[in-house]
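A short write-up of the structure that comes next.
Listed below in structure tokens is the structure:
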């Protein structure tokens with residue numbers, strides 16, 4: 019099979035390679051999936067660059083998320099799963115081989131049935147972003163009728179948070195930094211979109227909530243936004259932080275303000291979320307899909323042999339929407355820009 023891989027951490031152009039590998043065989047409790055679409059996440063970039071520490075493996079086929087069709091099963095797996103369309107999550111978690119390949123083998127619980135009306139490309143958008151967003155939103159109960167602020171609503175997790183929150187009946191405000199990002203956030207269903215560079219986030223949020231503030235904040239950069247978050251938060255509200263800009267980031271906490279507000283800080287790292295909570299998130303995401311409410315923006319699709327360009331585009335921050343690598347796609351002269359749910 020064809021697969022992208024790296025044998026050392028570093029810049030995409032220096033370490034990512036394309037090679038031929040034996041088709042993997044599923045072990046007990048595992049399934050093999052023919053990958054139709056592989057989703058690229060910021061955590062894949064961090065793994066490749068060494069942001070999160072040295073690699074545990076001498077060689078890595080990257081990418082945690084993807085979608086495709088089960089074509090082989092291991093012992094103990096229900097035979098009827100063969101031929102099933104699925105979306106994958108954490109394919110490269112605690113193992114060396116992810117979805118940037120023609121085939122991937124995962125524990126069967128990490129191959130989730132994909133509704134027939136949902137494309138493989140959308141399936142590859144789920145995984146880490148949707149699971150992270152669900153954890154941020156629902157860890158502390160139902161959000162129907164609640165007010166939510168999503169900081170960075172055009173990012174992968176931010177978009178997932180908007181989609182899931184609207185599906186669950188919440189009112190959603192979000193911040194962006196460009197008009198194009200604002201358009202993407204509106205397409206996702208945000209009720210209020212604020213350009214954080216041009217507008218007063220606190221004043222607009224407080225006005226929109228009749229000075230009460232929001233019940234939940236999904237936070238992409240706590241170190242930059244803590245002051246804004248504290249002023250936007252309703253009494254007893256919850257701030258869920260899921261990302262850091264540097265492994266050395268530290269946040270001075272305004273203890274008295276936090277105590278008076280009675281607020282809760284929740285820190286989300288999806289790879290260590292308990293299995294039961296992750297299973298509940300998978301079920302909710304599937305219901306959202308079945309309801310037709312999960313329609314992400316796909317910003318770029320490339321062939322497997324253009325994976326370097328895909329990683330560089332992710333790192334640049336210039337692509338709005340999910341970047342998809344398609345192992346079966348024959349490389350053209352330019353990456354393919356597509357519309358949402360194409």
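Residue numbers (my numbering): 19 to 360. The C-beta atom is built at its ideal place from N, Cα and C for all residues, glycine as well. Predicted, not measured: the structure shown is a model, and the values here were computed from it.
Quiz prompt | Endpoints, the beta strand (DSSP E) within which residue 285 is located | solution = 282 to 285
Quiz item: Whose CA, out of 286, 199, 241 and 134, lies closest to the CA of residue 105?
Solution: 134
Exercise. Would you list the residues sitting across from residue 318 in a DSSP beta bridge?
Key: 341
Quiz item: Just checking my contact of residue 49 with residue 88 at CB under 8 angstroms: how many whole Å lie between their CB atoms?
Solution: 5 angstroms
Practice problem: Take residue 316 as the anchor and find which of 345, 142, 271 and 307 has the nearest alpha-carbon. | Solution: 142
Self-check item: 8 angstroms Cβ shell around residue 72 - same chain, five flanking residues per side excluded
Solution: 27
Self-check item: Environment of residue 269 [buried if 16+ CB atoms lie within 10 Å]
Solution: exposed
Quiz item: Any idea which residues DSSP pairs residue 210 with across the strands?
Solution: 191
Exercise. For residue 247, decide whether its Cβ has a neighbour in chain B, counting only Cβ atoms nearer than 7 angstroms.
Key: Any reference to chain B falls outside this structure, which holds one protein chain only.
Exercise. Using only alpha-carbon positions, find the residue among 123, 131 and 30 that is nearest to residue 308.
Key: 131
Quiz prompt | Identity of the residues DSSP links to residue 38 by a beta bridge | solution = 20
Quiz prompt | Whole-angstrom distance between residue 221 and residue 165, CA atom to CA atom | solution = 15 angstroms
Self-check item: Where residue 168 falls: helix, strand or coil (DSSP)
Solution: strand
Practice problem: Using the DSSP secondary-structure output, state which residues sit across from residue 122 in a beta bridge. | Solution: 51
Quiz item: According to the Cβ coordinates, are residue 210 and residue 191 closer than 7 angstroms?
Solution: yes
Practice problem: Give the straight-line distance between the Cα atoms of residue 52 and residue 298, rounded to the nearest whole angstrom. | Solution: 26 angstroms
Quiz item: From the DSSP output, which residues share a beta bridge with residue 235?
Solution: 167 and 257
Practice problem: Using three-state DSSP, classify residue 115 as helix, strand or coil. | Solution: strand
Self-check item: Buried or exposed (CB count within 10 angstroms, at least 16 for buried), residue 65
Solution: buried
Quiz item: How close, in whole Å, do the beta carbons of residue 20 and residue 347 come, if the pair is a contact with beta carbons under 8 angstroms?
Solution: Not quite, the Cβ-Cβ distance comes to about 11 angstroms (not below 8 angstroms), so this is no contact.
Quiz item: Going along the chain, which residues of its own chain have a beta-carbon closer than 8 angstroms to the beta-carbon of residue 14, five neighbours each way excluded?
Solution: Because the chain in this structure spans residues 19 to 360, residue 14 falls outside the shown range and cannot be described.
Self-check item: C-alpha distance - residue 172 paired with residue 194, whole-angstrom precision
Solution: 7 angstroms
Quiz item: Applying the criterion that 16 or more other CB atoms from any shown protein chain within 10 Å of the CB defines a buried residue, is residue 278 buried or exposed?
Solution: exposed
Quiz item: For residue 267, which of helix, strand or coil comes out of DSSP?
Solution: coil
Practice problem: Can you say whether residue 46 is buried or exposed, counting buried as having 16 or more other CB atoms within 10 angstroms of its CB? | Solution: exposed
Quiz prompt | Inter-residue spacing [alpha-carbon to alpha-carbon] between residue 181 and residue 148 | solution = 9 angstroms
Exercise. Alpha carbon to alpha carbon, how far is residue 249 from residue 353? Give it in angstroms, no decimals.
Key: The predicted position of residue 353 is uncertain, since its pLDDT is 41 and thus under 50; no value can be drawn from it.
Quiz item: How many Å lie between residue 138 and residue 273 at the Cα?
Solution: 46 angstroms
Quiz item: From residue 126 to residue 118, what does the alpha carbon distance come to, in whole angstroms?
Solution: 18 angstroms
Quiz item: Going by the CB atoms, is the gap between residue 30 and residue 326 shorter than 7 angstroms?
Solution: yes
Quiz item: Just curious, the alpha helix (DSSP H) that residue 30 is in, first and last residue?
Solution: 30 to 33
Quiz prompt | Proximity below 7 angstroms, CB of residue 252 to CB of residue 231 | solution = yes
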